[in-house]
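Below is one structure, written out as structure tokens, with a few remarks after it.
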Amino acid sequence: MGSTSLATRWVVQLLLIGAHIAGLLLFFRGFFPSKVVLPGFGNFHNGASPFAERGKPQFDKVIVMVVDAMRADFCYSQEHSHMTFLHELINDGKAVPFTGFSHPPTVTLPRLKGITTGGTPNFLDAILNVADDKDQSQGLLSQDSWIYQYKKLGKSINFYGDDTWLKLFPGQFDKVEGTNSFFVSDFTEVDLNVTRHLTEELDRQQSRWDGLILHYLGLDHIGHKGGPNSVFMKPKQEEMDSVLRRLYEYAETSQKRKESVLIVLMGDHGMNEIGNHGASSVGETNAALSFISPKFNHKNEQKAPLADSPDYSYYSSVSQIDLVPTLAGLLNFPIPKNSLGIIIRELLELWPSEKQKLAILMENCNQFMDLFSAKHDKSEHLDVWEKWSQLQDSKVVSSIDDHFDFLLKVQDILASAATNYNYDDMWTGFALTVVSAVVTLITFNSYFLKQSENSFKLAQYFQLFAIVYSLHFHGSSLIEEEHQLWWFFTVLSFVYLAFTCFVLNRTNAFYWSLIFIGIRIIRSWNNSGQKYSSSNTISYYLLNENSDLLWALNLITYLVTTVAIFAQGRIVECLSILNDSQGRNSDFQQAGNLLSFVLIFVASSISFSFKVCQYYNDGYDVPGWLNFLFKWVLSSYDVDIKSLNDPDFKFQLQDLNISIARLSGYFILGILGLRIVAGKIKKLSSGIITDMINISTLYLLQQSKYENIPMFLTFMLIKFAFTKLVVSVQVKGVDIDQLIAICAIFTICMQNLSFFCLGNTNSLATVDLSNAYNGIKSYDVIPVGVLTFLSNFVAPVYWSLSGLQIFFEPSRVLFNSELASKDLINFSFLRKSVFLVKSNVTLVFYAIAAVNLLGSCINLRFHLFIWTVFSPKLLYFASWSVLVNFFVDLVVAFVILFIFY
Amino acid sequence: MAKKTSRKSVSFQPNESEVNSDADAPEYKTKVPTLAYPIIPVQNLFLVWDLFRRGLTEHIAETLLNSLPTVAVLSAAQGYLITLASANSGKKSKKQTNVPLLIVGSVFMSFVLSVPLFGAILLFGAPLASHLTETFLLAVHLSFLIFNPLLVLFKFDLDAFVSVFKAERIYRLIFGNYILASSLVAVAGVWIGVIPIPLDWDRPWQQWPITLLVGGYVGSVVGGALSVLF
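What follows is the structure, given as structure tokens:
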């Protein structure tokens, strides 16, 4: 290998990365296949409908009111529900309340598929819900659903609300208006856009429909932004309650005209303790589901509202997909073919005759057995087949209970049936990652074997660390609590480094203790993982108990960042008009100083003002001492402060937020561009990494949650202390390969530790969307995707760039520009080879991890948690591997080192 | 394995061999006192048994506190054994050591050192918002377990102790020394002891800081035993 040229080694390295990523993608194609469903549409099994009561359906019209993220307690609990009208209806017996279990992933698109077709979702639906808006393959036109069946009766359906429905059922609704579900910072407009149609739709002269679907998004947005206890929750519930009142009044007048109207009020999923959803915690899976009509006379034993229930379960629990056969029964059409729902028992009471109840249940059983026999032949599940022949036998008397038991059993088997994996793709993908990992390990070891003994030892430690770390992919609870692993490995690695690579003396001990204090602080900042959640976190304290301190720290963070841009890098030199090397304080140079100072100061103050406005917009009070800034920003945009409940004011605030975020983004981009261009012209190439990272940090601050911004102070402290240590090592004599390994270990540990300490987990529920729309008016895949990635991966991006800076420009980190000429960045022959080794070292980590993760997913593909734990981890890992390791660590770093330099 | 120690294309100033002057290793070796016969802290197994007998899983803080006198007495006894063992071998040390003072001083210093140890345990990730009493008592126990034998062995000579980590063939040095091995493996034991805590077995002994304490005590015995085998 010694004779292999640098170019060849680069080609090998790129091939390895290519194989690694290709393997991952191929595995994904095989692991997340589309679900196999029975083609065709359901029919009545005996030719005639068992559902009709005296030849007529139970209900003539149906209104389905979906309130996004309506958790069961928002409807029923004493503490969290403010829906007084609904409580009255329940107590009068006009509403039949349930807690509806929504199958994970608890994201809107798969849930809508569930409550229309009655099927259980597959994981791909969850990804597509977040990823692709323009994809038409999600349409349910070819799949049986109650929408299809109802339309087939010649009925018309109007739809207003979340446009996910329009994606699912293009052209099926007669009158529509869709609103986009992704603009989460808007609480009011999305819902007003739905409600304003009611005046027309509830007027018999103006509108004729048989089905009306309303999907309200505001409550979900409030959850994402402010959590279930947000100040906006109460007015929003009251608003929903008043909508329900209007619908019920309409149903009452219809009832007098002998036209029965059924209202279904439901959440498509719930939300967890912090207002997010996507995973499978009790809060997320327990949504409200109420059937409401003046026709009902259901005795509810428990009077609403009920006492708070810790597991969010109120009244009887049903599955959300049970809605599908129930609607089929109530509206009199065949049960959709792929439905796994069971007719809800309480509503069966509407049919008085026992015989008809049994006929209805038999219809449900028949529909189940069609599905069951398509998937399982007679040799499997003998007890089911035996029970089925008993039920069919007219001589054996079977009770209603028998039917329900049978249905539950079959439902259980059908719902847990695994999806069909594409094994060819999975194994090929796995094989590719294995090959990539093996060859990477060979190149890694053969390289370090030729280097000094110390760097070889460190390389061994690194490999061992990567292997032991990646073993955790084989345990579901270890994946859920990965933040603990990273804490353990970070502390272990730092202690190992401190004792083996660094001199043991007082100064170093001091800097190491600074680092340990730093990581201990960030560990206490947020909750992570599934097991523990406490309010003893710094972010909770800052957000809920001490907003003065929060904003003081935020201000300091912005100040320090600004000072660092100004003092660490070379932006001032770049922007000064003359190259005044003699140190003469010419007016021109001062003008340059002034220009750069103004630019940087303006950019960071705009960014800071944006965070203040965003804070206010999310329903918090801006601290008194910052009010002047806030008012000044408002007045410069000609906005008067009014109550937050005033919709006009909300819109103005939103527009303001969008334009101010955009302005600050452009400003930061402009400064970056200016630095690159001016640096090229004036040939000030060194210092580029420092300037790039400092200016980008400003944008990363803007993409962080406001309660996480002060964490960057700690990051900067850790970076400073670590650079001090690295510089002392450089002076004392450590070879360059050892240094690469030290920096790689440090970077990987800090990237992951900070990622989890920012409040991220390996569950889809914590994907933070609150900064995904900074400066964006409507949903657009690319910018929203980029912003979502940045806001969730601020820490990995920050540490990736910092790793480069610590390695190549340590003197600048230490504000010591006199020594900057000795920094490694200046040795151009070294940059290429060092960067190659660094990229090889990080690939070792990702390649070993990929082999274990994919292996574990293949091994545990029938595991209970495969869709709730392992699949989200796969997605996170793909983001780490492709976006962080390939895009930021490699492409961005390459551009900075070799193009901008 | 013929490892070429080829010089790198670039190195930062002096090469490693130039810094660690060749004379270092032998000099350091003489600084580390050795014992004439092995001392394995088997009493620590008794301590663990005693802790559980006193109801460690029910009243953690109380039990840890109540067992401290036992710990101190056993530590002093172990200290005495160490002085005996090193007195036999220590022909070079002509200076007569005040044995009672050394033992009492070590016990006292172990108690004092538990405060910085407490800080270190917190920095290494012990809970901050709760369990502070338990963590502190853990620090006291570990301080007696780890520091006391070292203090007696090195006779309060910090430089001699630090020199252990600067020595070449550090593992051979550590595992060649009964006390060093037992103390440092005890540290490793505490370290490994955190692993069971987050597992979802829901056993009473998974409570903070029982596993760390047991890991430490067992580790010290294992370390001592290893050094005998070595």
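Protein sequences, first through last, are from chains A and B. Each residue of the first sequence is one higher than the one before, counting from 1 in our numbering. Each residue of the second sequence is one higher than the one before, counting from 902 in our numbering. Beta carbons are placed, not taken as given, at the ideal position from N, Cα and C, and that holds for glycine.
C-beta contact flag for residue i and residue j at 8 Å
i       : j       : result
L764/A  : P623/A  : no
F908/A  : V841/A  : The requested residue 908/A does not occur in the structure, where chain A is confined to residues 1 to 901.
D144/A  : G42/A   : yes
L330/A  : L347/A  : yes
M65/A   : L202/A  : no
P934/B  : F1055/B : yes
F1066/B : F499/A  : yes
C757/A  : N526/A  : yes
F610/A  : N554/A  : no
V836/A  : R9/A    : As written in the sequence, residue 836/A is Leu, which differs from the Val given in the question. Yes. Within cutoff.
I1004/B : I1080/B : no
T106/A  : G278/A  : yes
F497/A  : I745/A  : A quick correction: the sequence has Leu, not Phe, at residue 497/A. Yes.
Residues of its chain near residue i, where Cβ-Cβ distance is below 7 Å and the 5 sequence neighbours each way are ignored
i       : result
I832/A  : In the sequence under discussion, the amino acid at residue 832/A is Lys, which differs from the Ile named in the question. Hits under 7 Å: L6.
N286/A  : R71, A72, T99, F101, G270, Y312 and S313
L860/A  : I866 and F870
S817/A  : S811
C574/A  : R675, A678, G679, K682 and L684
H1032/B : W1109
6 Å Cβ shell around residue i - same chain, five flanking residues per side excluded
i       : result
V67/A   : Y216, L219, M240 and G267
S280/A  : P104 and T868
P915/B  : With a pLDDT of 39 at P915/B, under the threshold of 50, the predicted position of this residue should be treated as unreliable, and no value is reported.
V1041/B : S1015
P796/A  : Q751, F755 and V884
L327/A  : W146
Close Cβ partners of residue i (< 8 Å) along its chain, the five nearest in sequence each way excluded
i       : result
M83/A   : F74, C75, Q237, E238, M240, D241 and L244
D735/A  : Q451, S452, N454 and S455
N762/A  : I479, E480, E482, V869, P872, K873 and Y876
Q944/B  : L975, A978 and Q979
T1034/B : A962
V767/A  : V130, N276, G278, T788 and N792
Contact set between residue i and chain B, taken where Cβ atoms lie within less than 8 Å
i      : result
Q484/A : P1099
R570/A : By Cβ distance, chain B contributes nothing, its closest Cβ being about 23 Å from R570/A, past 8 Å.
E481/A : P1099
Chain-ordered chain A contacts of residue i [CB-CB under 8 Å]
i       : result
V1063/B : L504
Contact set between residue i and chain B, taken where Cβ atoms lie within less than 7 Å
i      : result
R9/A   : Near R9/A there are no residues of chain B at all, since even the closest Cβ is about 14 Å away, more than 7 Å.
W385/A : Neighbours of W385/A on chain B: none; closest Cβ ~38 Å, over 7 Å.
V491/A : F1025 and G1026
E79/A  : Those within 7 Å of E79/A in chain B number zero; the least Cβ separation is about 25 Å.
Cross-chain neighbours of residue i in chain A, by beta carbon under 9 Å
i       : result
A1089/B : What A1089/B touches in chain A: nothing, since even the nearest Cβ is about 10 Å away.
A1030/B : S524, S534, N536 and T537
V1095/B : Q484 and F488
Chain B contact residues for residue i, given Cβ-Cβ distances below 9 Å
i      : result
F516/A : A1021, L1024 and F1025
Chain-ordered chain A contacts of residue i [CB-CB under 7 Å]
i       : result
F1066/B : F499 and L504
Check: residue i C-beta below 7 Å from any heavy atom of the ligand SAH
i     : result
L25/A : Because no ligand of any kind appears in the structure shown, any question about the ligand SAH cannot be addressed here.
Touch check for the region 14 to 25 of chain A and the region 880 to 887 of chain A: three-plus C-beta pairs under 8 Å? Output reads yes: the region 880 to 887 of chain A touches the region 14 to 25 of chain A.
The region 680 to 694 of chain A touching the region 650 to 662 of chain A, judged by at least three CB pairs closer than 8 Å: Too few Cβ pairs lie closer than 8 Å, so no.
Are at least three pairs of beta-carbons, each pair with one atom in the region 1001 to 1020 of chain B and one in the region 1104 to 1121 of chain B, less than 8 Å apart? Touching, no, given that fewer than three Cβ pairs across the two stretches are closer than 8 Å.
Touch test, the region 741 to 752 of chain A against the region 443 to 459 of chain A, Cβ-Cβ under 8 Å, three pairs minimum: With a cut-off of 8 Å, the region 443 to 459 of chain A and the region 741 to 752 of chain A count as touching, because enough Cβ pairs lie within range.
For the region 525 to 537 of chain A and the region 552 to 561 of chain A, state whether three or more C-beta atom pairs, one from each stretch, are separated by less than 8 Å. The count of Cβ pairs closer than 8 Å, one atom from the region 525 to 537 of chain A and one from the region 552 to 561 of chain A, stays below three, leaving the stretches out of contact.
Can you list the beta strand (DSSP E) stretches of 3 or more residues lying completely in the region 254 to 297 of chain A, in chain order? As for any beta strand (DSSP E) of minimum length 3 sitting wholly inside the region 254 to 297 of chain A, the runs are 261 to 266 and 286 to 292, ordered along the chain.
At 4 residues or longer, what runs of the alpha helix (DSSP H) sit wholly inside the region 155 to 215 of chain A? With a minimum length of 4 residues, the continuous alpha helix (DSSP H) runs that stay inside the region 155 to 215 of chain A are 164 to 168, 189 to 195 and 198 to 201.
Enumerate, from N- to C-terminal direction, the unbroken alpha helix (DSSP H) stretches of 4 or more residues contained entirely within the region 372 to 397 of chain A. Restricting attention to alpha helix (DSSP H) runs no shorter than 4 residues, the region 372 to 397 of chain A encloses them at 382 to 392, ordered along the chain.
Which complete alpha helix (DSSP H) runs does the region 307 to 368 of chain A hold, if anything under 4 residues is left out? Inside the region 307 to 368 of chain A, DSSP marks whole alpha helix (DSSP H) runs of 4 or more residues at positions 323 to 331 and 345 to 348, from first to last along the chain.
At a cut of 8 Å, does the region 771 to 779 of chain A reach the region 541 to 551 of chain A through at least three beta carbon pairs? Under the Cβ criterion (8 Å, minimum of three pairs), the region 771 to 779 of chain A does not count as touching the region 541 to 551 of chain A.
When you compare the region 109 to 117 of chain A with the region 291 to 302 of chain A, are there three or more beta-carbon pairs, one atom per stretch, that lie closer than 8 Å? Judged by Cβ distances under 8 Å, the region 109 to 117 of chain A makes no contact with the region 291 to 302 of chain A, as fewer than three pairs qualify.
Are the region 395 to 410 of chain A and the region 430 to 446 of chain A touching, with three or more C-beta to C-beta distances below 8 Å? Between the region 395 to 410 of chain A and the region 430 to 446 of chain A there are fewer than three C-beta pairs closer than 8 Å, too few to call the two in contact.
Mind the definition here: the region 189 to 209 of chain A touches the region 666 to 679 of chain A only if three or more C-beta pairs lie below 8 Å; say whether that holds. Output reads no: the region 666 to 679 of chain A does not touch the region 189 to 209 of chain A.
Hey, which unbroken runs of the alpha helix (DSSP H) at 4 residues or more fall wholly within the region 630 to 712 of chain A? You should have 647 to 682 and 688 to 703.
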